[in-house]
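Inspection log for the structure reproduced underneath, given as structure tokens.
Protein chains: 2
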Amino acid sequence: MELKQQVAVTLAEVAEAAGVGESTVSRVLRNHGSFSGKTRERVMAAVERLGYVPNRIAGTLASTGSRLVAFVIPSLSNIVFPDVLRGASAVLEENRYQAVFSVTDYDPAKEEELAAAMLAWRPAAVMLAGYEHTEGTVKMLRASGCRVVELLDLDGDALDIAVGFSNRAAGRESAAFLLERGYRRIGYVGHDLNRDTRAGKRFSSFCETLEARGAPLVAREIVADASSVENGRLGLQRLLARASDLDAVYFSNDDMALGGYFHCLAEGIAVPSKLAIFGYNGLDIGRAMPQPLSTIRTPRVATGKIAAQLVVANAPPQTVDLGFELIEGATA
Amino acid sequence: MELKQQVAVTLAEVAEAAGVGESTVSRVLRNHGSFSGKTRERVMAAVERLGYVPNRIAGTLASTGSRLVAFVIPSLSNIVFPDVLRGASAVLEENRYQAVFSVTDYDPAKEEELAAAMLAWRPAAVMLAGYEHTEGTVKMLRASGCRVVELLDLDGDALDIAVGFSNRAAGRESAAFLLERGYRRIGYVGHDLNRDTRAGKRFSSFCETLEARGAPLVAREIVADASSVENGRLGLQRLLARASDLDAVYFSNDDMALGGYFHCLAEGIAVPSKLAIFGYNGLDIGRAMPQPLSTIRTPRVATGKIAAQLVVANAPPQTVDLGFELIEGATA
DNA sequence: GTCTATTTTGGCAGCGCTGCCAACAGTGGA
DNA sequence: TCCACTGTTGGCAGCGCTGCCAAAATAGAC
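Here the protein sequences come in this chain order: A and B.
First residue of the first sequence? That's 1 in this note's numbering, and the numbers climb one at a time after it.
First residue of the second sequence? That's 1 in this note's numbering, and the numbers climb one at a time after it.
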């Protein structure tokens, strides 16, 4: 196929071809320092002619900071994280930063391992989900000297920068909403809470609110693996098998809720008159449903965007609460 | 907050602390070359004590190849690409490779720009979606000497490695399926085809097949922006407003199809007796619908996985057809 | 035309690591 | 005891770039 010309063109070769010094080429290419217009042209011509592509590895080593931003995220199946990446990547690309990522699969030990691997690239910042990290991870991040951004959670103490919203508040407001609508026999269908600690926080504050108002959770069904539409459907089916007289169900997220809604459609359970459904995330799909999903819309893309902006601007340590929005749909 | 100890620990410091030479530390850490057990222990103790994190930037510069794999993908909203990343990232992490990505937003010019930025990191491989690249991109990739993997499309000529399936075949089989089921007045609802060239290929071979069998496409509706459930719903609504007597609609993907299904639910259009719906992608959500979605399941995760494996193994140039599976759901 | 202020330029020492090579042990056999 | 061998080890020259500094060129002032 193509012949691998392993030997890439170097700065020195460009300098020679343009008949100038290396540092001059470097200055021209980075548009930094001073040089004459004539020099600039000659350098650019040589760059063009040789097809020179600067070596950022060398550049980063020689200068101080890298323009890499490392994302250590729990999952790519849960749309939340692609959304965050999407918000961040636009800002990063504009500012000529590069996004690197790895996926922990919600495993703190793996997070530690991957964070270490990331730090080896000396990134400008490391972005992580939430506050629950191993001691080792925290120690490493602290010692690294690079910026740390914790995303999508505000219920805890930030290491450096935190951007997101309160999951506890989300759980609380969801409960309050259902109670205000008059639901009293409320159930829950969720996915693995030990791993997804943010879902766990929502659930526990949801339950606390219900109890405080005298209508404690009636039943719950936790599916073993990750959240999905199918698991939501299955979860609701199982929950109703055990507690058929529920009047509302809170789901760990919109995917699960959609599954629950499908179950109701398939079984002819009237929503919300017979059973109300409430989700979490505010995915676009919820708006397109025959009955718009009642849920909480979270600022996922904005979280990524703001996080990236703060990193690019090298902002001081801070916590940014982007809030969330309760969507009064037609399912609860 | 945390004090930034900008000065990271270096190999030399570890060597000094352990009372050995730099190369010895390097050998121990990479488990490469020979060294005694005693030396190993002393080195590891020093590493632990100082909290040393190797600098991969320097390592990569000094050695030949980098362990970076660059993904230049069109979108993160379309679940297809997170799925591919997911498949790849597991393999890459196992092999201590690092994934870097950027998002082109389906813009070839942006792809060129971003590919150039990626090449500056001297990645081991660049992964791109499909075959449609600018001349500049192709030239750059060829000259770079790094592996190039083109994903999710096989209808064209590969630069180096290609992994995916034929979108034309997918369009053809979708058409054949609908025709065999007896549908004759078929419409199409899709999203921006100029940008998503793979959707364009599916559509054109779909139409060709219909025509060849004497039942040309009756009507089509192309929504302006990206695919989404809402756009699918809206698209079908508009399409039916113009052509109310269709008996089947082919959607550009499952998101769009789901939107169409929701429209039917909301309007009381019986599926599939009054109107059949056919999608593309085989998302999990389709299985959980009250009526499972008829669609084509594409090997998205596997595409990422195989691509990563080939890169890790430094396999020779090749084209891998992973095929796809037609799902006979209940909507067509 | 001289002299100073300013702009433009090149040389070169690193950045932290790897890879090569030479030096230095141990080990067993003669 | 000496020799050849295998197993360990350290020194040091880069990898390709940036940043500093001094030198050279140019411009401006008189």
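Idealized CB from N, CA, C, for every residue including glycine.
- Message: So for Phe364 of chain B, helix, strand or coil by DSSP?
- Response: Nothing about residue 364 of chain B can be reported from this structure: the residues present for chain B run from 1 to 332 only.
Endpoints, the alpha helix (DSSP H) within which Met140 of chain B is located
Indexing the second sequence from 1 puts residue 140 of chain B at position 140. Run containing Met140 of chain B: Glu135 to Ser144, per the alpha helix (DSSP H) assignment.
| said: Within a Cβ cutoff of 6 Å, which residues of the same chain sit near Gly164 of chain A, ignoring the five residues on either side of it in sequence? | reply: Within the first sequence, residue 164 of chain A is the residue found at index 164, counting from 1. Within the same chain, Gly164 of chain A has close Cβ partners Leu151, Leu152, Asp153, Leu154 and Thr303.
**Prompt:** Roughly how many angstroms lie between the CA atoms of Cys264 of chain B and Ala170 of chain B, to the nearest whole one?
**Reply:** Taking the first residue of the second sequence as 1, we reach residue 264 of chain B at position 264. Taking the first residue of the second sequence as 1, we reach residue 170 of chain B at position 170. One C-alpha to the other measures close to 25 Å.
Whether or not the stretch 38-57 of chain A and the stretch 14-22 of chain A are in contact is what I'm after, with contact meaning three or more pairs of Cβ atoms, one per stretch, closer than 8 Å; do they touch? Under the three-pair Cβ rule at 8 Å, the stretch 14-22 of chain A counts as touching the stretch 38-57 of chain A.
Legend entry - Ser273 of chain B, DSSP secondary structure in three states: Within the second sequence, numbered from 1, the residue matching residue 273 of chain B stands at position 273. Three-state DSSP puts Ser273 of chain B in coil, outside helix and strand.
Q. So, is the C-beta of Gly171 of chain A closer than 8 Å to a C-beta in chain B?
A. Position 171 of the first sequence, counted from the first residue, corresponds to residue 171 of chain A. No, its Cβ sits nowhere closer than 8 Å to a Cβ of chain B.
Using a Cβ cut-off of 9 Å, which residues of the stretch 21-47 of chain B contact any Cβ in chain A, in chain order? Only those residues of the stretch 21-47 of chain B whose C-beta falls short of 9 Å from the nearest C-beta of chain A would be listed, and there are none.
| Going by other Cβ atoms of all chains shown within 10 Å of its Cβ, with 16 needed for buried, is Lys38 of chain A buried or exposed? | Indexing the first sequence from 1 puts residue 38 of chain A at position 38. Counting Cβ neighbours within 10 Å, Lys38 of chain A comes out exposed, since fewer than 16 surround it.
For Glu132 of chain B and Val138 of chain B, I'd like the C-alpha separation in whole angstroms. Along the second sequence, one-based indexing puts residue 132 of chain B at 132. Along the second sequence, one-based indexing puts residue 138 of chain B at 138. Near 9 Å, if we compare the C-alpha coordinates of Val138 of chain B and Glu132 of chain B.
* By a C-beta neighbour count over all protein chains shown, 10 Å radius and 16 as the cutoff for buried, is Gln5 of chain A buried or exposed? -> Along the first sequence, read from residue 1 onward, the residue named residue 5 of chain A stands at position 5. The predicted model places Gln5 of chain A with a pLDDT of 45, which falls under 50 and marks its position as unreliable, so this point remains unresolved.
Contact criterion: CB-CB distance below 8 Å. Does Leu11 of chain A meet it with respect to chain B? In the first sequence, the residue the question calls residue 11 of chain A occupies position 11. Taking Cβ atoms only, chain B never reaches closer than 8 Å to Leu11 of chain A, which makes this a no.
Exercise for the section: Under 8 Å by Cβ, that's how I've got Met256 of chain B and Ser294 of chain B pegged, so tell me the actual separation to the nearest angstrom. Expected result: In the second sequence, counting from the first residue as 1, residue 256 of chain B sits at position 256. In the second sequence, counting from the first residue as 1, residue 294 of chain B sits at position 294. That belief does not hold up - the Cβ atoms of Met256 of chain B and Ser294 of chain B are roughly 14 Å apart, past 8 Å.
Quick check on the DSSP output: what are the complete alpha helix (DSSP H) runs of length 4 or more inside the stretch 49-93 of chain A, in order along the chain? As far as the stretch 49-93 of chain A is concerned, its whole alpha helix (DSSP H) runs of at least 4 residues are 56-62.
Interface partners of Val100 of chain A on chain B, CB under 9 Å = Against the first sequence, residue 100 of chain A aligns to sequence position 100. Within chain B, the residues Leu68, Gln98, Ala99, Val100 and Phe101 have their CB atoms less than 9 Å from the CB of Val100 of chain A, given in chain order.
Original post:
Regarding Asp247 of chain A and the ligand FAD, is the C-beta to nearest heavy atom distance less than 7 Å?
Top reply: What this structure holds is no ligand at all, so the ligand FAD is not there to describe.
**Message:** Contact criterion: CB-CB distance below 8 Å. Does Asn314 of chain B meet it with respect to chain A?
**Reply:** If you number the second sequence from 1, residue 314 of chain B lands on position 314. It does not: the Cβ of Asn314 of chain B has no partner Cβ on chain A nearer than 8 Å.
| When DSSP labels each residue in this structure, what does Arg220 of chain B get in the three-state scheme? | One-based indexing of the second sequence puts residue 220 of chain B at position 220. Residue state, collapsed to three classes: strand.
What's the gap between the Cα of Ala88 of chain A and the Cα of Ala129 of chain A? As a working mapping, residue 88 of chain A is identified with position 88 in the first sequence. As a working mapping, residue 129 of chain A is identified with position 129 in the first sequence. Looking at the backbone, the Cα of Ala88 of chain A and that of Ala129 of chain A are separated by about 14 Å.
Review point. Rounded to a whole number of angstroms, what is the C-alpha to C-alpha distance between Val189 of chain A and Glu221 of chain A?
Key: Working through the first sequence from its first residue, we reach residue 189 of chain A at position 189. Working through the first sequence from its first residue, we reach residue 221 of chain A at position 221. Between the alpha carbons of Val189 of chain A and Glu221 of chain A lies a gap of roughly 5 Å.
*asked:* Here's the rule I'm using: 16 or more other beta-carbon atoms within 10 Å means buried, otherwise exposed. How should Arg86 of chain B be labelled?
replied: For this step, residue 86 of chain B is matched to residue 86 along the second sequence. A residue is called buried when at least 16 other Cβ atoms come within 10 angstroms of its Cβ; Arg86 of chain B meets this threshold and is buried.
inquiry  = Whole angstroms are fine: how far does the CA of Leu61 of chain B sit from the CA of Thr104 of chain B?
reply    = Looking up residue 104 of chain B in the second sequence gives position 104. Looking up residue 61 of chain B in the second sequence gives position 61. Each residue's alpha carbon lies about 28 Å from the other.
Practice task
Please confirm if the stretch 275-283 of chain A is in contact with the stretch 211-221 of chain A, defined as three or more CB-CB distances below 8 Å between the two stretches.
Solution key: These segments do not touch.
Whole-angstrom Cβ separation of Leu210 of chain B and Gly200 of chain B, contact assumed at under 8 Å?
For the purposes of this step, residue 210 of chain B is identified with residue 210 of the second sequence, where counting begins at 1. For the purposes of this step, residue 200 of chain B is identified with residue 200 of the second sequence, where counting begins at 1. Not quite, the Cβ-Cβ distance comes to about 16 Å (not below 8 Å), so this is no contact.
Review point. Tyr261 of chain A to Arg233 of chain A, Cα distance in whole Å?
Key: The count along the first sequence starts at 1 and reaches residue 261 of chain A at position 261. The count along the first sequence starts at 1 and reaches residue 233 of chain A at position 233. Their Cα atoms are separated by approximately 7 Å.
Query - Close beta carbons around Tyr106 of chain A, own chain, < 7 Å, minus the five adjacent residues each side - result: Counting from one through the first sequence, the residue named residue 106 of chain A turns up at place 106. Within the same chain, Tyr106 of chain A has close Cβ partners Pro74, Ser75, Arg195 and Asp196.
message = Is there a C-beta anywhere in chain A that falls below 8 Å from the one on Gly145 of chain B?
response = On the second sequence, residue 145 of chain B is found 145 positions in, with the first residue counted as 1. Chain A contact via Cβ: present.
Practice task
Pick out whichever of B:Asp157, B:Leu239, B:Arg142 and B:Ser144 has its Cα sitting closest to the Cα of Arg185 of chain B.
Solution key: The residue labelled residue 185 of chain B in the question sits at position 185 within the second sequence. Residue B:Leu239 is the option with its Cα nearest to Arg185 of chain B.
Kindly indicate which three-state DSSP category Ala266 of chain A falls into: helix, strand or coil? Locating residue 266 of chain A in the first sequence gives position 266, where the first residue counts as 1. Residue state, collapsed to three classes: helix.
Rounded distance between the beta-carbons of Ala124 of chain A and Arg67 of chain A, thought under 8 Å: Locating residue 67 of chain A in the first sequence gives position 67, counting from the first residue. Locating residue 124 of chain A in the first sequence gives position 124, counting from the first residue. The distance from the Cβ of Arg67 of chain A to that of Ala124 of chain A is about 6 Å, consistent with a contact at the 8 Å cut-off.
*Which class does Gln98 of chain B belong to by DSSP, given the choice of helix, strand or coil?*
To locate residue 98 of chain B, count along the second sequence from 1; it is residue 98. It is a strand residue.
Close beta carbons around Glu328 of chain A, own chain, < 8 Å, minus the five adjacent residues each side: Within the first sequence, the letter at position 328 stands for residue 328 of chain A. The residues are Phe177 and Ser294.
Below-8 Å beta-carbon distance, Pro290 of chain B vs any chain A residue:
In the second sequence, counting from the first residue as 1, residue 290 of chain B sits at position 290. Chain A has a Cβ within less than 8 Å of the Cβ of Pro290 of chain B.
**Report entry** Asn281 of chain B - partner residues in DSSP beta bridges
**Finding:** The count along the second sequence starts at 1 and reaches residue 281 of chain B at position 281. B:Arg297, per the DSSP bridge assignment.
Whose Cβ in chain B lies nearer than 8 Å to the Cβ of Ser273 of chain A?
-> Numbered from 1 along the first sequence, position 273 holds the residue referred to as residue 273 of chain A. Result: empty, since nearest Cβ-Cβ is about 17 Å, beyond 8 Å.
Short CB-CB distance (under 8 Å) between Pro61 of chain A and chain B
Along the first sequence, read from residue 1 onward, the residue named residue 61 of chain A stands at position 61. In the sequence on display, residue 61 of chain A carries Leu and not Pro. Yes, Leu61 of chain A counts as interfacial toward chain B.
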